Amino acid sequence: AQKVTQAQTEISVVEKEDVTLDCVYETRDTTYYLFWYKQPPSGELVFLIRRNSFDEQNEISGRYSWNFQKSTSSFNFTITASQVVDSAVYFCALREAGGTSYGKLTFGQGTILTVHP
Amino acid sequence: DVKVTQSSRYLVKRTGEKVFLECVQDMDHENMFWYRQDPGLGLRLIYFSYDVKMKEKGDIPEGYSVSREKKERFSLILESASTNQTSMYLCASSPTSTGELFFGEGSRLTVL
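As you go down the protein sequences, you meet chains A and B in turn.
With the numbering used here as the guide, the letters of the first sequence map in order to residues -1 to 115.
With the numbering used here as the guide, the letters of the second sequence map in order to residues 194 to 305.
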């Protein structure tokens, strides 16, 4: 069975600090997809990134970067120079590519990030 | 712009009442999902549907049922609400091609 673990329940930083959110996953599939979502206080989950299991290149988007390492089954998310607007709950998720999965995601428990001014 | 709309942001119901949560998407997505979100537990899948009139149980289907009579609409039904069903309920849809979920704003249900 697939599983996603976000060991950090809550993280608190001061503005402009860099912060890394950890994500470790378990799956028996060789083909799978990993996701990160952001849930701001308004409640709606916002898609941030999708990565497939064959692409281990790190990705950078502005202040956001993602480090995917199959050897350690990790897909960590780093925010550089954090801002107050980054305060949210962040979820890591896994989707197996099997024919019966129909796109359903398995989510981690979420990490609450608070950025103080 | 993609849109998933949940009918109610906040509901308060009494134990034993029947509760309907409605979700509509305007993106012509094949797949629709109902998750519940609880602190420390993340999002857990209740039911999903990959086509009209088709449904599959997720990880925690007990106490819930669903209905998908039209492609754009997916309803979650609590036949007899209980206090342990107090939660945030999130609807999502996705195209089969990418698997990326688009979420609604959530419905916070309180059962007294």
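Where a beta carbon is used, it is the ideal one built from N, C-alpha and C, also for glycine.
Note that this is a predicted model, so its numbers are computed, not measured.
Residue i: buried (16+ other C-beta within 10 angstroms of its C-beta) or exposed?
i	result
residue 225/B	buried
residue 109/A	buried
residue 212/B	buried
residue 196/B	exposed
residue 229/B	buried
residue 236/B	buried
residue 287/B	buried
residue 8/A	exposed
residue 234/B	exposed
Determine, using beta carbons only, whether residue i comes closer than 8 Å to chain B.
i	result
residue 103/A	yes
residue 67/A	no
residue 43/A	yes
residue 6/A	no
residue 107/A	yes
residue 49/A	no
If we ignore side chains and look at the alpha-carbon of each, how far apart do residue i and residue j end up?
i	j	result
residue 270/B	residue 241/B	13 Å
residue 208/B	residue 305/B	6 Å
residue 206/B	residue 303/B	6 Å
residue 37/A	residue 43/A	4 Å
residue 285/B	residue 221/B	12 Å
residue 252/B	residue 49/A	24 Å
residue 243/B	residue 254/B	16 Å
residue 66/A	residue 277/B	37 Å
residue 53/A	residue 1/A	20 Å
Who does residue i pair with in a DSSP beta bridge?
i	result
residue 230/B	236/B, 281/B
residue 82/A	According to DSSP, which records beta bridges pairwise, residue 82/A is partnered with nothing at all.
residue 243/B	According to DSSP, which records beta bridges pairwise, residue 243/B is partnered with nothing at all.
residue 31/A	50/A, 93/A
residue 225/B	242/B, 286/B
residue 3/A	22/A
residue 302/B	204/B, 280/B
residue 196/B	Per DSSP, none; premise fails for residue 196/B.
residue 66/A	73/A
residue 249/B	241/B
Closest to residue i by CA distance: which of the options is it?
i	options	result
residue 232/B	204/B, 302/B, 280/B, 264/B	280/B
residue 27/A	111/A, 113/A, 92/A	92/A
residue 75/A	4/A, 10/A, 6/A, 20/A	20/A
residue -1/A	16/A, 10/A, 34/A, 25/A	25/A
residue 35/A	11/A, 49/A, 89/A	89/A
residue 217/B	298/B, 292/B, 254/B, 265/B	265/B
residue 273/B	267/B, 295/B, 252/B, 258/B	258/B
residue 61/A	3/A, 69/A, 29/A, 83/A	83/A
residue 113/A	23/A, 79/A, 31/A, 4/A	79/A
residue 29/A	7/A, 18/A, 71/A	71/A
residue 203/B	282/B, 294/B, 287/B	282/B
residue 13/A	87/A, 81/A, 104/A, 40/A	81/A
residue 115/A	46/A, 63/A, 15/A	15/A
residue 59/A	47/A, 69/A, 22/A, 102/A	47/A
Could you confirm whether any beta carbon from chain A is found closer than 8 Å to the beta carbon of residue i?
i	result
residue 213/B	no
residue 269/B	no
residue 234/B	yes
residue 209/B	no
residue 265/B	no
residue 255/B	no
residue 238/B	yes
residue 262/B	no
residue 302/B	no
residue 204/B	no
residue 305/B	no
residue 298/B	yes
Does any residue of chain C bring its CB to less than 8 Å from the CB of residue i?
i	result
residue 294/B	No chain C is part of this structure, whose protein chains are labelled A and B.
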